[in-house]
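Colleague:
2 protein chains.
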Amino acid sequence: MKKLINNPSDIVNQMIDGLIASSPTLLARVADSQIVIRKNLAINKVAIISGGGSGHEPAHAGFVGQGMLTAAVCGQVFTSPTPDQIFNAIKAADSGQGVFLVIKNYSGDIMNFEMAKDMAEMEGIKVDSCIVDDDIAVENSTYTQGKRGVAGTILVHKILGAASEQGASLAEIKQLSAKIIPNIKTIGVAFSGATVPEVGKPGFVLAEDEIEYGVGIHGEPGYRREKLQSSKFLAQELISKLKAAFPFQKNEQYAVLINGLGATPLMEQYVFANDVLRQLETENLNVVFTKVGNYMTAIDMAGVSLTLMKIVDNDWLEKLNYSVTTLAW
Amino acid sequence: MKKLINNPSDIVNQMIDGLIASSPTLLARVADSQIVIRKNLAINKVAIISGGGSGHEPAHAGFVGQGMLTAAVCGQVFTSPTPDQIFNAIKAADSGQGVFLVIKNYSGDIMNFEMAKDMAEMEGIKVDSCIVDDDIAVENSTYTQGKRGVAGTILVHKILGAASEQGASLAEIKQLSAKIIPNIKTIGVAFSGATVPEVGKPGFVLAEDEIEYGVGIHGEPGYRREKLQSSKFLAQELISKLKAAFPFQKNEQYAVLINGLGATPLMEQYVFANDVLRQLETENLNVVFTKVGNYMTAIDMAGVSLTLMKIVDNDWLEKLNYSVTTLAW
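Heads up: the protein sequence lines correspond to chains A and B, in order.
Mind the numbering: the first sequence is residues 0 to 328 in numbering that gives the first Met the number 0, read in order.
Mind the numbering: the second sequence is residues 0 to 328 in numbering that gives the first Met the number 0, read in order.
1. Only counting the same chain, and skipping five residues up and downstream in sequence, which positions put a Cβ closer than 7 Å to that of residue 240(B)?
2. Within 10 angstroms of its Cβ, does residue 31(B) collect 16 or more other Cβ (buried), or is it exposed?
3. Closest by CA to residue 77(A), which one among 94(A), 113(A), 108(A) and 98(A)?
4. For the putative contact between residue 287(A) and residue 254(A), defined by C-beta atoms under 8 Å, what is the C-beta separation to the nearest angstrom?
5. Closest Cβ-Cβ distance between residue 81(A) and chain B: below 8 Å?
6. Looking only at its own chain, which residues have a Cβ that is under 6 Å from the Cβ of residue 175(A), when we skip the five neighbours before and after it?
7. Tell me whether the region 162 to 172 of chain A and the region 143 to 151 of chain A touch, counting them as touching only if at least three CB pairs, one residue from each stretch, are closer than 8 Å.
8. Drop a sphere of 10 angstroms on the beta-carbon of residue 37(A), count the other beta-carbons inside from all chains shown, and report buried for 16 or more, exposed for fewer.
9. So for residue 280(B), helix, strand or coil by DSSP?
10. So, are the CB atoms of residue 191(A) and residue 70(A) less than 8 Å apart?
11. Pull up the DSSP beta-bridge partners for residue 185(A), would you.
12. Along chain A, which residues have their Cβ under 9 Å away from the Cβ of residue 62(B)?
13. What does residue 276(B) reach in chain A if we use C-beta pairs closer than 8 Å?
14. Taking residue 160(A) as part of the alpha helix (DSSP H), name the residues at either end of that continuous run.
15. Can you check whether the C-beta of residue 266(B) is within less than 8 Å of a C-beta belonging to chain A?
16. With the cut-off set at 8 Å, would you say residue 324(B) and residue 154(B) are in Cβ contact?
17. How far does the alpha helix (DSSP H) with residue 239(A) in it reach, from first residue to last?
18. Between residue 57(A) and chain B, is the shortest Cβ-Cβ distance under 8 Å, so that the two count as touching?
19. So if DSSP puts residue 51(A) in a beta bridge, which residue, or which two residues, is it bridged to?
20. Check whether the Cβ of residue 269(B) lies closer than 8 Å to any Cβ atom in chain A.
21. Which residues mark the beginning and the end of the alpha helix (DSSP H) in which residue 317(B) is found?
22. Any Cβ of chain B within less than 8 Å of the Cβ of residue 123(A)?
23. Check residue 266(A) in the structure and name its three-state DSSP category.
24. Does residue 191(B) come out as helix, strand or coil in the three-state DSSP assignment?
25. Since I believe residue 264(B) is in contact with residue 56(A) (beta carbons under 8 Å), could you give me their beta-carbon distance rounded to a whole number of angstroms?
26. Could you tell me whether the Cβ atoms of residue 140(A) and residue 50(A) are closer together than 8 Å?
27. Can you find the residues in the same chain that come closer than 7 Å, C-beta to C-beta, to residue 303(A), ignoring five residues on each side of it along the sequence?
28. Using only alpha-carbon positions, find the residue among 246(A), 48(A) and 160(A) that is nearest to residue 115(A).
29. Are the Cβ atoms of residue 145(A) and residue 133(A) separated by less than 8 Å?
30. For residue 18(A) and residue 273(B), I'd like the C-alpha separation in whole angstroms.
31. Count Cβ pairs between the region 200 to 219 of chain A and the region 275 to 294 of chain A that sit closer than 8 Å; are there 3 or more?
32. Hey, how far is the Cα of residue 34(A) from the Cα of residue 54(A)?
33. Does the region 192 to 208 of chain B come close enough to the region 289 to 298 of chain B that 3 or more CB-CB pairs lie under 8 Å?
34. Between residue 140(A) and chain B, is any beta-carbon pair separated by less than 8 Å?
35. Report yes or no: is there a C-beta of chain A within less than 8 Å of the C-beta of residue 114(B)?
36. Check the Cβ-Cβ distances between residue 262(B) and every residue of chain A, and say whether any is below 8 Å.
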């Protein structure tokens, strides 16, 4: 697998340099860190921090900006950031109203974010957090107890970021996170494995006519391999899993996120979007928000994930539509 | 190559369906056509139309919206739209102030857009056009006399779209296009070929350690194949070609567009952006605008292109920064 890089061990550092250099009015780097932070911090608002391993770009640094994340902590590729990095992000982001951490459900992330939370609280910074576990494909996985956190995390960033921008308190943001996360569910299908630059070959290999349902964003095993199917068939399979997990009720409102995993052309993502939206119509669901594109990738994995969010409160939809200034939303 | 599609021959039609279904407040489809048009047309402003073969998503439909394109005509994959499709787009987009066509320099596109222009003028619609030929890699190519039109076209859309939004006349937009196009130059490097869905296999194949400089966005031949190099080395090679083509003068202002060709992760594009921006700094150029991401792709080609635009007039920079409502800018 050919990579457009210099040195695999310096890829995250150079990526952040490139990100900051190309967005000098929007983003800054906290000195001596792998933390991307808003250039102009909001005053007297709760800071929202996310992060995790790199390799999921534009997540998470592409969502830093007014109305969304205050900062993103960028770990090495597919590796949790260290507690001291997260602690530094908390210190840099806090404007006195406290800091809220959005953590994807991976054991390493949880351990390190919780440790950073403890360190910050010892310095008198108010910190709270939520754990996103939207991937319904499997229970427990390579790096996870319970369900994995995947593309639905972006919707959490968006809604909590809007709440912060609108002046919500740390306690209100915590409550909101507890309400929205159970209503966000994701499932994906992989057409190819991803190549971690330091490894240099794909994490798994599928045959030329083979796909795998439910693969994680670090290449964790899914729930079934089978022959390549049509977009329509794949949409049916993923929707049937989501239908059972929610379960769907007629006339409910849903937001839809169709997320490319990295190497699948946007043309194909829109073909898939068409199949998804038609089938949700036949389920008599009311799709009130749709987004299509590469938001939470897995380096160069080919494939796509489908996230549905049940919009129980119209305020959530308003927050999804609230204006932001970020690179990637 | 696995494709997330249903029927290769219906891919563009279904892509447009998916695009419209997922952006119902922003975009509409002109009935019985492959034309994507703004839902709310500007009144009394010059319409800007672009288009060409599909397979370059988000180009061009992703740039339809307030402040940028009025409509995009989507041909079959890597195939010019027909004159009657373009003619229908002109009729649908015109609000009485005339229509301006942004054409990439491919023989088929020029022939069909010119024919449509003639048809529209016979019906009394004022039409003018420009031809974008920003790719400095080669002179003449598989489908082109002269130089090819590639990612720099997006900057033309952006600047002319802002001019239209600001109330420029058809003649003023024509003059502006004639000034900016010679100041936009692009060159790319491919890591892999693209697979046209109806063909089912890559248009060309590179060895596992091989790259090709100057490949076109339909896989047209470039100027040299060699062993894979570092991002820094590739940036040097592409900048050296651009340096000679402009040529660079100290303290000039430039806009930079780093464009992923489809399958290259954003992480790597930012690593490359870092190398490009550092090297332009050593050339004593003043980079006043940067954009990084997938804007003009070649289906699932891996690789990247580098576009520089010399900002001769600060008004061009203002127009690059002018606010827009599109899916993909």
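Don't be surprised by glycine CBs; every beta carbon is placed ideally from N, CA and C.
Modeller: Answer, in terms of the structure:
1. What you label residue 240(B) is simply residue 241 of the second sequence in a count that begins at 1. These residues qualify, in order along the chain: 135 and 186.
2. Along the second sequence, read from residue 1 onward, the residue named residue 31(B) stands at position 32. When all chains shown are included, residue 31(B) counts as exposed.
3. Locating residue 77(A) in the first sequence gives position 78, where the first residue counts as 1. Answer by Cα proximity: 108(A).
4. Walking along the first sequence from the start, residue 287(A) turns up at place 288. Walking along the first sequence from the start, residue 254(A) turns up at place 255. With a Cβ gap of about 7 Å, residue 287(A) and residue 254(A) count as contacting.
5. On the first sequence, position 82 is the one that residue 81(A) refers to. Using a Cβ-Cβ cut-off of 8 Å, residue 81(A) does not count as an interface residue toward chain B, since no Cβ of chain B sits closer than that to its own.
6. Taking the first sequence and counting its residues from 1, the one referred to as residue 175(A) is at position 176. The residues are 162.
7. Using a Cβ-Cβ distance cut-off of 8 Å, the region 162 to 172 of chain A and the region 143 to 151 of chain A are not in contact, since fewer than three pairs of beta carbons, one from each stretch, lie closer than that value.
8. Translated into positions along the first sequence, residue 37(A) becomes position 38. Buried is the call here.
9. Numbered from its first residue, the second sequence carries residue 280(B) at position 281. Secondary structure of residue 280(B) (DSSP, three-state): helix.
10. As a first step, residue 191(A) is located in the first sequence; it is residue number 192 there, counting from the start. As a first step, residue 70(A) is located in the first sequence; it is residue number 71 there, counting from the start. Taking a C-beta distance under 8 Å as the contact criterion, residue 191(A) and residue 70(A) do not qualify as a contact pair.
11. By one-based count along the first sequence, residue 185(A) stands at place 186. Note: residue 185(A) sits in a beta bridge opposite 134(A) and 306(A).
12. Here residue 62(B) corresponds to residue number 63 of the second sequence, with the count starting at 1. Within chain A, no residue has its beta carbon less than 9 Å from that of residue 62(B); the closest one is some 13 Å off.
13. For the purposes of this step, residue 276(B) is identified with residue 277 of the second sequence, where counting begins at 1. Around residue 276(B), the beta-carbon contacts reaching into chain A at under 8 Å are 17, 20 and 21.
14. The residue you call residue 160(A) lines up with position 161 of the first sequence. Per DSSP, residue 160(A) belongs to the alpha helix (DSSP H) from 152 to 164.
15. Here the question's residue 266(B) lines up with position 267 in the second sequence. The beta carbon of residue 266(B) falls within 8 Å of a beta carbon belonging to chain A, placing the residue at that interface.
16. Locating residue 324(B) in the second sequence gives position 325, counting from the first residue. Locating residue 154(B) in the second sequence gives position 155, counting from the first residue. Not closer than 8 Å, so no.
17. By 1-based counting over the first sequence, the position of residue 239(A) is 240. Its alpha helix (DSSP H) spans residues 230 to 244.
18. What you label residue 57(A) is simply residue 58 of the first sequence in a count that begins at 1. It does: the Cβ of residue 57(A) has a partner Cβ on chain B nearer than 8 Å.
19. Against the first sequence, residue 51(A) aligns to sequence position 52. Bridge partners of residue 51(A): 73(A).
20. Stepping through the second sequence from its first residue, residue 269(B) is reached at position 270. Closer than 8 Å: yes.
21. To locate residue 317(B), count along the second sequence from 1; it is residue 318. If you look at residue 317(B), you'll find it in the alpha helix (DSSP H) that goes 313 to 320.
22. As a position in the first sequence, residue 123(A) is number 124, starting the count at 1. With 8 Å as the cut-off, residue 123(A) does not count as an interface residue toward chain B.
23. Within the first sequence, numbered from 1, the residue matching residue 266(A) stands at position 267. In the structure shown, residue 266(A) sits in a helix (DSSP, three-state: H, G or I).
24. Locating residue 191(B) in the second sequence gives position 192, where the first residue counts as 1. It is coil, neither helix nor strand.
25. In the first sequence, residue 56(A) corresponds to position 57, counting from 1. In the second sequence, residue 264(B) corresponds to position 265, counting from 1. So it is a contact: roughly 7 Å between Cβ atoms.
26. Position 141 of the first sequence, counted from the start, is the residue given in the question as residue 140(A). Position 51 of the first sequence, counted from the start, is the residue given in the question as residue 50(A). Result no, Cβ atoms of residue 140(A) and residue 50(A) do not sit closer than 8 Å.
27. Residue 303(A) sits at position 304 when you count from the first residue of the first sequence. Spatial neighbours of residue 303(A) in its own chain (CB-CB distance under 7 Å, excluding positions within 5 residues in sequence) are listed in chain order as 187, 188, 257, 258, 259, 260, 263, 268 and 271.
28. One-based indexing of the first sequence puts residue 115(A) at position 116. Looking only at 246(A), 48(A) and 160(A), the smallest Cα-Cα distance to residue 115(A) is reached by 48(A).
29. One-based indexing of the first sequence puts residue 145(A) at position 146. One-based indexing of the first sequence puts residue 133(A) at position 134. For residue 145(A) and residue 133(A), no; Cβs fall outside 8 Å.
30. Looking up residue 18(A) in the first sequence gives position 19. Looking up residue 273(B) in the second sequence gives position 274. Taking the straight line from one Cα to the other gives about 8 Å.
31. No, the region 200 to 219 of chain A is not in contact with the region 275 to 294 of chain A.
32. Translated into positions along the first sequence, residue 34(A) becomes position 35. Translated into positions along the first sequence, residue 54(A) becomes position 55. Just so you know, the alpha carbons of residue 34(A) and residue 54(A) end up roughly 15 Å apart.
33. Judged by Cβ distances under 8 Å, the region 289 to 298 of chain B makes contact with the region 192 to 208 of chain B, as three or more pairs qualify.
34. One-based indexing of the first sequence puts residue 140(A) at position 141. By this cut-off, residue 140(A) is not an interface position.
35. Working through the second sequence from its first residue, we reach residue 114(B) at position 115. False, the Cβ-Cβ gap to chain A never drops below 8 Å.
36. On the second sequence, position 263 is the one that residue 262(B) refers to. Yes, residue 262(B) counts as interfacial toward chain A.
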